[in-house]
Amino acid sequence: MIFQNVIWAITLTGMGLVALGFVYAITQAGRPAEAAEAARVNRRSITLRRGLFLALLLLGIGIPPQHAPLQATQVVDVIGHQWTWDVSQTHLKVGEPVEFRVTASDVNHGFAIYAPDGRIVTQTQAMPGFTNKILYTFDTPGTYRIMCLEYCGVAHTGMTTELEVAAAGDKP
Ligand SMILES: [Cu+2]
10 MIFQNVIWAI TLTGMGLVAL GFVYAITQAG RPAEAAEAAR VNRRSITLRR
60 GLFLALLLLG IGIPPQHAPL QATQVVDVIG HQWTWDVSQT HLKVGEPVEF
110 RVTASDVNHG FAIYAPDGRI VTQTQAMPGF TNKILYTFDT PGTYRIMCLE
160 YCGVAHTGMT TELEVAAAGD KP
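Per this note's numbering: the sequence shown = residues 10 to 181.
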């Protein structure tokens with residue numbers, strides 16, 4: 010299972026629990042409170058909050074750090090400059106994961122890859138002093154276009170370059 014899908018499932022479960030909490034609160038609204046009942050609910054709420062805090066703490070410890078290697082067979086270092094892309098490797102293969110490590114040397118840029126049919130396939134921010142990683146597997150060979158998605162100065166629109174993605178078995 011892909012890591013993002015695990016996080017997505019955890020997020021949905023959490024959202025579901027919060028929604029159930031709201032439904033419970035709504036069904037209980039308007040009921041007169043008794044002192045003993047209020048004290049019991051308060052104690053229970055403290056116990057629940059402690060348990061939730063502990064669960065989140067344990068979950069947080071179990072999540073792998075962002076700087077961990079993504080185990081891609083192809084790695085591409087990308088640096089955005091005003092107004093060019095410095096791409097370490099422009100010839101890639103279909104069907105094998107590519108790790109893009111994206112940063113910038115000057116200002117924020119938007120790193121986006123467009124398929125030959127003009128459809129955007131993946132994107133991230135290119136930020137000075139920080140490296141964003143994308144793991145992407147090309148499923149169609151062809152000439153892909155890298156474009157900047159964030160206005161970064163007067164020649165922003167010219168900030169494009171190309172990636173050649175070869176079919177499996179072809180010479181990259
Ligand atoms: Cu730009």
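Glycine is no exception: its CB is placed at the ideal position from the N, C-alpha and C atoms.
Being a predicted model, the structure only gives us computed values, none of them experimental.
Contact check, residue i vs residue j, beta carbons under 9 Å
i: I88; j: S114; result: yes
i: S97; j: V85; result: yes
i: V130; j: G162; result: no
Best match in the options for proximity to residue i [C-alpha to C-alpha]
i: R128; options: T140, N117 and R154; result: R154
i: W94; options: T166, A81, T170 and I143; result: T170
i: L79; options: K142, V130, E159 and E43; result: K142
i: T82; options: W17, P106 and G71; result: P106
i: V174; options: K102, G167 and M168; result: K102
i: E108; options: Y160, L65, L26 and T140; result: T140
i: G167; options: G138, W92 and A176; result: W92
Whole-Å CB distance - residue i paired with residue j, under 8 Å assumed
i: P125; j: G104; result: No, P125 and G104 are not in contact; Cβ-Cβ is about 16 Å, not under 8 Å.
i: F120; j: A135; result: 5 Å
i: I122; j: L172; result: 7 Å
Alpha helix (DSSP H) segment containing residue i, residue limits
i: N14; result: F12 to Q37
Residue i: first and last residue of the uninterrupted beta strand (DSSP E) it sits in
i: L144; result: N141 to Y145
task: Anything with a beta carbon under 6 Å from a heavy atom of ligand 1 counts; list them all in chain order.
output: H118, C157, E159, Y160, C161, H165 and M168
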